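Residues 342 to 761, numbered by my numbering, are exactly what the sequence shown covers, in order.
Quick reminder that beta carbons are idealized off the backbone N, C-alpha and C, glycines included.
Nothing here was measured: the structure is a model prediction, and the numbers come from that model.
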Amino acid sequence: MELPVPNPWMLLPFVALLAMIATGPVLFPNLWAKHYPKAALVLAVVVALYYLLGLEAYHRVFETAHEYVSFIAIIGALYVVSGGIHIRVKGEATPWVNVLFLLTGAIISNVLGTTGASMLLIRPWLRMNKYRVTAHHVVFFIFIVSNVGGCLTPIGDPPLFLGYLEGVPFFWVLQQCWPMWLVANGILLTMFFVVDSLNYHRAPKTVRDKLTHHEEWRFDGMINLVFLAIILAAVFIKGPMFLREIVMLGAASASYFITRKSVHESNDFNFHPIMEVAILFIGIFITMMPAMDWLKSHAGQLGDLTPALVYWSGGALSSVLDNAPTYYVFFGILQAKSGATAHDITPLLQTRSFELVAISVAAVFFGANTYIGNGPNFMVKAIAQQQKIHTPSFFGYILKFSLPFMLPMLFVLWLIFFRH
């Protein structure tokens, strides 16, 4: 199938959508909250019509639609099912307890996915810290649980799931990426402990006394573990098209109707966060087709892709283009350069293995740099805002947290693993 070569001017809808996502909530929040679906869908329709009527690239549009459905099915199903599990926390968290919680979340994200782990743990995380919760609690949760933690299995993060669908063995990422996972989470948890300790000691003594009480945990809605297991098993389905997605959405529907209303009410569960993600990302997936196709059509001009180049360029794009499609583009470039085919990626794993490690790590880790880098980021932000917790703006997130915390960690990873 010949790759469509879009007019460079067709990159403008994608740039416009990114600009609106970045500035809308800050400059005109009420207008944006009311009209963002129209903006995303209108820009998506413009690009889709260009591909269908102008380029006659029907297969490309269908391929993007399939990727979007697969993406939204797994994160939507995990969102619904995890929303039916309520973790009750009695007592408050000290910095050490918070570090242990985030580490546990990082591990769980490889089993439930970053979306499932985020939706399961964000509410108890906010309740644990309710007497002193600040923006750093929300942002470091996004860094660790919603992104960096999910680097060890294809279930962990959508880019790795795409790699699995393309033929990467299930345990390949665990075997190749565990050193980067340990270093990255170790650095971020250390940073968090310092910041959280300062926040803890600034709190009045009466608040700190509350934080030393023994914590009690209670779990409701455990029947949903069965549906989580069904969703995880569906990941391995490679049968007829959309069968995997149908099974996932069926499990999510059964979970929603079986779960007691009181459990959903305790979680303040509603569909707004996943609807916001679904609408914005249908706009992102479609409007970024020209950007993705332009990159692929100019792959030959990139020269030899070293691990360092893949790490930084793939990571930078993952921060703003959504990490799953970015991974997919670089995977295709590496596949072409290695001589691998859609039916046999052995040459890629043999000759471009470390470049594949670089894009796997970059896509997952750099996805934490912005709200649009990974699907769960937006959902965590929306849930925190629903509970009247301050969250940084799009640029505030980058300037106050990504640059001073994520960037040094990513630089250390480059020095240790990808510099040569």
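Where I713 falls: helix, strand or coil (DSSP): In the three-state reduction of the DSSP assignment, I713 falls in the coil class.
Short check: CB of A381 to CB of G624, under 7 Å? A381 places its beta carbon less than 7 Å from that of G624.
If you draw a straight line from the alpha carbon of E606 to that of S487, how long is it in whole angstroms? Taking the straight line joining both Cα atoms gives about 23 Å.
Is it buried or exposed, M616, if we count other Cβ atoms within 10 angstroms and call 16 or more buried? Flag for M616 reads exposed.
Within 10 angstroms of the Cβ of R601, are there 16 or more other Cβ atoms? Answer buried if so, exposed if not. With fewer than 16 other Cβ atoms within 10 Å, it is exposed.
For P614 versus A723, is the C-beta spacing smaller than 7 Å? In this structure, the beta-carbon distance from P614 to A723 falls below 7 Å.
Taking V588 as the reference, give the member of G425, A574, I686 and Y472 with the closest Cα. Comparing Cα positions, the closest option is A574.
Within this structure, are the beta carbons of H850 and D561 separated by less than 7 Å? There is simply no residue 850 to check, as the chain begins at 342 and stops at 761 in what is shown.
Quick one: is W519 buried, meaning 16 or more other Cβ sit within 10 Å of its Cβ, or exposed? It counts as exposed.
Where does I686 fall in DSSP's three states? Collapsing the DSSP output to three states places I686 in coil.
Three-state secondary structure (DSSP) of R473: DSSP places R473 in coil when its eight states are reduced to three.
N- and C-terminal bounds of the alpha helix (DSSP H) containing F695: Counted as a single uninterrupted DSSP element, the alpha helix (DSSP H) harbouring F695 occupies residues S694 to F707.
V383 to G365, Cα distance in whole Å? If you take the alpha carbons of V383 and G365, they lie about 16 Å apart.
Between which two residues does the alpha helix (DSSP H) carrying A385 extend? First-last of the alpha helix (DSSP H) with A385: P370 to L390.
Expressed to the nearest angstrom, what Euclidean distance is found between the alpha-carbon atoms of L493 and P499? Straight-line measurement puts the Cα of P499 at about 12 Å from the Cα of L493.
Using the DSSP secondary-structure output, state which residues sit across from H427 in a beta bridge. Answer is D561, bridged to H427.
How many angstroms separate the CA atom of V618 from the CA atom of N715? Answer to the nearest angstrom: the Cα atoms are 10 Å apart.
Same chain only: Cβ atoms within 6 Å of L419, ignoring 5 sequence neighbours per side: Taken in chain order, the residues that qualify are G454, T456 and G457.
Can the beta-carbon of G656 be found closer than 7 Å to that of F671? Contact: no.
What runs of the beta strand (DSSP E), each 3 residues or longer, lie entirely inside the stretch 430-455? Runs found: none.
DSSP state of S734, grouped into three classes? Coil.
If you measure from the beta carbon of L353 to each beta carbon in chain D, is any gap under 7 Å? The question asks about chain D, but that chain is absent: this structure has only one protein chain.
Which class does E404 belong to by DSSP, given the choice of helix, strand or coil? Helix.
Have a look at P349 and G395 and give me their C-alpha separation to the nearest angstrom. Between P349 and G395, the alpha-carbon positions lie close to 14 Å from each other.
Determine the closest residue to V661 out of V346, S450, P345 and M361, with distance taken between C-alpha atoms. Ranking the options by Cα distance to V661, first place goes to M361.
Tell me, please, whether the stretch 466-480 touches the stretch 680-699 by the rule of three or more beta-carbon pairs shorter than 8 Å. No, the stretch 466-480 does not touch the stretch 680-699.
H400 to A389, Cα distance in whole Å? A389 has its alpha-carbon roughly 12 Å from the corresponding atom of H400.
Which of helix, strand or coil DSSP assigns to D663: Annotated three-state conformation of D663 is coil, per DSSP.
Quick one: give me the first and last residue of the alpha helix (DSSP H) that H542 is part of. In the DSSP assignment, H542 falls within the alpha helix (DSSP H) that extends over W513 to R543.
Considering only residues of the stretch 584-644, which uninterrupted beta strand (DSSP E) runs meet the minimum length of 3 residues and lie entirely inside it, listed in chain order? Segments of the beta strand (DSSP E) lying fully in the stretch 584-644: there are none.
6 Å CB neighbourhood of M812 in its chain, flanking five on each side removed: The chain is shown from 342 up to 761; residue 812 falls before or after that span and cannot be answered.
Give me, in chain order, the residues of the same chain whose beta-carbon lies closer than 8 Å to that of T711; leave out the 5 immediate sequence neighbours on both sides. S660, V661, N718, F735, Y738, I739 and S743, listed in sequence order.
Quick one: Cα of F534 to Cα of H478, how far? Approximately 11 Å, taken between the alpha carbons.
Start-to-end residues for the alpha helix (DSSP H) that takes in G395: Neither: G395 is in no alpha helix (DSSP H) and is coded neither H nor E.
Closest residue to S603 among Y377, F746 and G425 (Cα-Cα distance): Out of Y377, F746 and G425, G425 has the C-alpha closest to the C-alpha of S603.
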